[in-house]
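Enquirer: Before we start, here is the structure in question, set down as structure tokens.
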Amino acid sequence: MRFCPKCGGIMVPKKKEDGTVVLVCMRCGYEMPADEKTLASYKGESKPTERVLTTKVVSKAKKLKVSKEELEQAREDYYELVLDQIGEYGE
Ligand SMILES: [Zn+2]
2 MRFCPKCGGI MVPKKKEDGT VVLVCMRCGY EMPADEKTLA SYKGESKPTE RVLTTKVVSK
62 AKKLKVSKEE LEQAREDYYE LVLDQIGEYG E
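Per my numbering, the very first residue in the sequence shown carries number 2; after that it's consecutive.
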């Protein structure tokens, strides 16, 4: 995240008509050239959200495919796991 040198506002990447990306201040509109490092940091910040969304979609799709028997089996496995953990804590 970059901040405007003029007013301290948040700079956001903006693609220009010629394909180049610049950082534009949300508050005063000040523009500054964006180097690759800065853009990469912006990309890195947006990635975790995308990953979470993808994981949610995947797990949802998986759930739909799971049959009732598999679900009950999974529940039993889960209880066994919990019981195991309780046993370990008790020792
Ligand atoms: Zn500004």
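Each residue gets a CB set at the ideal place from its N, CA and C atoms; glycine is no exception.
Just so we're clear, the structure is a prediction, and the values are computed from it rather than from any experiment.
Grouping DSSP H, G and I as helix and E and B as strand, with all else coil, what is R76?
Expert: Counting from one through the sequence shown, the residue named residue 76 turns up at place 75. Helix at R76.
Enquirer: May I have the straight-line CA-CA distance separating G30 from G45, to the nearest angstrom?
Expert: For the purposes of this step, residue 30 is identified with residue 29 of the sequence shown, where counting begins at 1. For the purposes of this step, residue 45 is identified with residue 44 of the sequence shown, where counting begins at 1. Going by the C-alpha atoms only, they are around 24 Å apart.
Enquirer: Determine the burial state of V25: buried for a count of at least 16 other Cβ atoms within 10 Å of its Cβ, exposed for fewer.
Expert: Here residue 25 refers to the residue found at position 24 when the sequence shown is read from its first residue. By the neighbour-count rule (16 or more Cβ atoms within 10 Å), V25 is buried.
Enquirer: Find out if the Cβ-Cβ distance for the pair A41, V22 is shorter than 7 Å.
Expert: For the purposes of this step, residue 41 is identified with residue 40 of the sequence shown, where counting begins at 1. For the purposes of this step, residue 22 is identified with residue 21 of the sequence shown, where counting begins at 1. Against a cut-off of 7 Å, the Cβ pair of V22 and A41 comes out as no contact.
Enquirer: Assuming M27 contacts G10 (C-beta within less than 8 Å), just tell me the rounded distance between them.
Expert: Locating residue 27 in the sequence shown gives position 26, counting from the first residue. Locating residue 10 in the sequence shown gives position 9, counting from the first residue. At roughly 5 Å, the Cβ-Cβ gap stays under 8 Å, so M27 and G10 are in contact.
Enquirer: Measure the C-alpha to C-alpha separation of Y2 and V13 and round it to an integer number of angstroms.
Expert: Against the sequence shown, residue 2 aligns to sequence position 1. Against the sequence shown, residue 13 aligns to sequence position 12. Before going further, note that residue 2 is Met rather than Tyr in the sequence given. Each residue's Cα considered, the two are about 8 Å apart.
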